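Visitor: Residue numbering for the sequence shown follows this note's numbering, beginning at 8 and increasing consecutively.
All C-beta atoms in this analysis are idealised placements derived from N, C-alpha and C, irrespective of residue type, glycine included.
Here the structure is a predicted model, which means the values were calculated and not measured.
The structure's right below; bear with me while I get my questions together.
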Amino acid sequence: MQIKDKEFELFLSEQEIQSTIQRLAQQINQEYRGKEVIFVGVMNGAFMFVADLLRNIDFECEVSFVKLASYEGVQTSGTVHELIGLVNDLYEKHVIILEDIVDTGLTLDKVFSMIDADAPSSLEVACLLYKPTAFKGKHAPKFVGIEIPDHFVVGYGLDYMEYGRNTKDIYKLK
Ligand code: 5GP
C-alpha cells in the first residue's frame, strides 16, 4: 500500500486487531465491573481503538477524548503542554487512558501526570500496540494489546503525515 511517498506492507490483520481488542475488553470488564469508570481516549490516533474497545465493554461507563497540545512557551524556555478537551470530573473515578500506540512513552507520561492531577481513584493505561524496546517512560501500560518491534506502523487510526488512518488493518513501513 502506498501512502504519499512511502510503501507499506500488511502487518496486523483486521481479525488479529479485533480479537486482541476483545481480549483486552474482557480483562477490563472483569477488573472494573461495578466501579465508576471513565475511559479517556487520546486523539487523534486512538479513535478507532476507542470505538471498537467500547463496543465490547459491558458495564455502565463514561467515555471522553483528550488531545495533547504543545506549543513553545513565550516566556518560559522549552515546550508547554496542555491537555485539551476533558470536561468530565475525574475526582474519585477509575480512569483508563486509551492509547493507540505507546512508543517511547513520553507522550503518555505527560497525559498521565496531567490526568493524575485531578485526583482519580485509580489511573491505568490500555494500549493497542506497545513497542517495549523503544519504551523509556515512567508509566508502563497495564493493558497491552500487542507488543511489536520498533517498526513504523500506519492504519487503524495511526497516520503517516496525517494520511492512512482509515484502514481496518495495520501496515508497516516496507
Ligand atoms: P511516544 O514516543 O511518546 O510514546 O509516542 C508518541 C506518539 O507518536 C504516539 O502517540 C503516536 O501518535 C506516534 N507514534 C509512535 N510510534 C508510531 C508508529 O509506529 N506509527 C505512527 N503512525 N505513529 C507512531
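#1: Give me the DSSP bridge partner(s) of Ile45.
#2: Which of the three DSSP states is assigned to Gln115 in this structure?
#3: For Ser71 versus Leu93, is the C-beta spacing smaller than 8 Å?
#4: Give me the Cα-Cα distance between Gln9 and Ser128, rounded to the nearest whole angstrom.
#5: Which residue from Thr140, Leu60, Pro148, Asn51 puts its Cα closest to that of Met168?
#6: When DSSP labels each residue in this structure, what does Leu93 get in the three-state scheme?
#7: Put Asp123 into one of helix, strand or coil per three-state DSSP.
#8: Which residue's Cα is closest to the Cα of Asp176: Gln22, Ile122, Lys13, Lys11?
#9: Ordered along the chain, which non-local residues of its own chain (more than five positions away) have a Cβ less than 6 Å from that of Lys74?
#10: Leaving out the 5 sequence neighbours to the left and right, which residues in its chain are closer than 7 Å to Leu17 when beta-carbon positions are compared?
#11: With hydrogens ignored, establish whether the beta-carbon of Asp12 is closer than 7 Å to any heavy atom of the ligand 5GP.
#12: Taking the alpha carbon of Cys68 as the point to measure from, which residue in Glu89, Lys100, Thr86 has its own alpha carbon closest?
#13: Can you tell me where the alpha helix (DSSP H) with Ala58 in it begins and where it stops?
#14: Report the partner residues of Tyr170 according to the DSSP bridge assignment.
#15: Could you give the residue range of the alpha helix (DSSP H) that holds Ser129?
#16: Would the C-beta of Ile108 count as close to the ligand 5GP, meaning under 7 Å from any of its heavy atoms?
#17: If I follow the unbroken alpha helix (DSSP H) through Ile153, where does it start and stop?
#18: How about the stretch 136-145 and the stretch 95-115: do they share at least three Cβ pairs that are nearer than 8 Å?
Guide: So, from the data block:
#1: Position 38 of the sequence shown holds residue 45. For Ile45, which the question treats as bridged, DSSP gives the partners Glu69, Val102.
#2: In the sequence shown, the residue the question calls residue 115 occupies position 108. Note on identity: in this sequence residue 115 is Leu, with Gln being the wrong assignment. Reduced to three states, the DSSP call for Leu115 is helix.
#3: Taking the sequence shown and counting its residues from 1, the one referred to as residue 71 is at position 64. Taking the sequence shown and counting its residues from 1, the one referred to as residue 93 is at position 86. Taking 8 Å as the Cβ cut-off, Ser71 and Leu93 qualify as a contacting pair.
#4: Working through the sequence shown from its first residue, we reach residue 9 at position 2. Working through the sequence shown from its first residue, we reach residue 128 at position 121. Going by the C-alpha atoms only, they are around 45 Å apart.
#5: As a first step, residue 168 must be located in the sequence shown, where it is residue number 161. With distances taken between Cα atoms, Met168 lies closest to Asn51.
#6: In the sequence shown, counting from the first residue as 1, residue 93 sits at position 86. Coil.
#7: Counting from one through the sequence shown, the residue named residue 123 turns up at place 116. DSSP places Asp123 in helix when its eight states are reduced to three.
#8: Here the question's residue 176 lines up with position 169 in the sequence shown. Out of Gln22, Ile122, Lys13, Lys11, Gln22 has the C-alpha closest to the C-alpha of Asp176.
#9: The residue you call residue 74 lines up with position 67 of the sequence shown. Once the five neighbours on either side are set aside, the close Cβ partners of Lys74 are Met50, Ile91, Gly92.
#10: Here residue 17 corresponds to residue number 10 of the sequence shown, with the count starting at 1. Excluding residues within five positions, the ones whose Cβ falls inside 7 Å are Asp176, Tyr178.
#11: Within the sequence shown, the letter at position 5 stands for residue 12. Result no, Cβ not under 7 Å from the ligand 5GP.
#12: Start at 1 with the first residue of the sequence shown, and residue 68 comes out as number 61. Ranking the options by Cα distance to Cys68, first place goes to Lys100.
#13: By one-based count along the sequence shown, residue 58 stands at place 51. Under the DSSP assignment, Ala58 falls in the alpha helix (DSSP H) whose first and last residues are 54-61.
#14: Here residue 170 corresponds to residue number 163 of the sequence shown, with the count starting at 1. According to DSSP, Tyr170 bridges with Tyr167.
#15: Within the sequence shown, numbered from 1, the residue matching residue 129 stands at position 122. Segment 129-137 is the beta strand (DSSP E) holding Ser129; no alpha helix (DSSP H) there.
#16: As a first step, residue 108 is located in the sequence shown; it is residue number 101 there, counting from the start. Under cutoff, so the answer is yes.
#17: Position 146 of the sequence shown, counted from the start, is the residue given in the question as residue 153. Ile153 -> not in any alpha helix (DSSP H); beta strand (DSSP E) instead, spanning 150-154.
#18: yes
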